[in-house]
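In the numbering used here, the protein residues as written are 4 to 53.
We put the CB at the ideal spot given by N, CA and C, even for glycine.
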């Protein structure tokens, strides 16, 4: 998976981004998420499926 390819600092950054997105989804139906050159939209429904 992606996390196996990341150094510890990048893993920590990705975890912080994921936690922030999850917290924002408690009040919003979807949020924009960006990591490095990638960005996308995460919906509450998609998070529930993960």
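Query, Result
"CB contact below 9 Å: residue 44 versus chain D", "Any reference to chain D falls outside this structure, which holds one protein chain only."
"Rounded Cβ spacing between residue 28 and residue 47 (contact assumed at less than 8 Å)", "5 Å"
"Inter-residue Cα distance where the pair is residue 33 and residue 39", "20 Å"
"Where residue 44 falls: helix, strand or coil (DSSP)", "strand"
"Sequence-distant residues of the same chain with beta carbon closer than 7 Å to residue 52, five excluded per side", "none"
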